[in-house]
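The number in my numbering is simply the position in the sequence shown, starting from 1, with 37 added.
All residues carry an ideal CB built from backbone N, CA and C; glycine is no exception.
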Amino acid sequence: MSIKTYKQYQKEELNTKKKKYVITGTDRNGKRFNPIHTNTPQHYNIWKGSLWELKENGNRKLVKRYYN
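Below, the structure written as C-alpha cells:
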C-alpha cells in the first residue's frame, strides 16, 4: 500500500463531484430571504429554514430543517 502525496490527494478532490446545496427560510422578522446556493452549508448561521441538496436533474432533496 502506498502513501498518497498531497498533490495526488488534491487531484482526486478536484475530480470528485461536489454536492450543491440550497438554503431557504425566514429571517428573525419573519421575512423570507432569497435562496442561497452554496457548496458549504456549514458556514451559514440559519435561524429558521431548510437545507436542501440540489440533484443533477434540478430537484431538491430535504437534508435538514432548522427551528429556533
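Three-state secondary structure (DSSP) of Glu-90: strand
DSSP state of Lys-41 mapped onto helix, strand, coil: coil
Alpha-carbon spacing of Lys-92 relative to Glu-49, whole angstroms: 22 Å
Selection from Tyr-46, Pro-72, Thr-61, Gln-45 that minimises the alpha carbon distance to Lys-85: Thr-61
C-alpha gap between Leu-99 and Lys-41, whole angstroms: 35 Å
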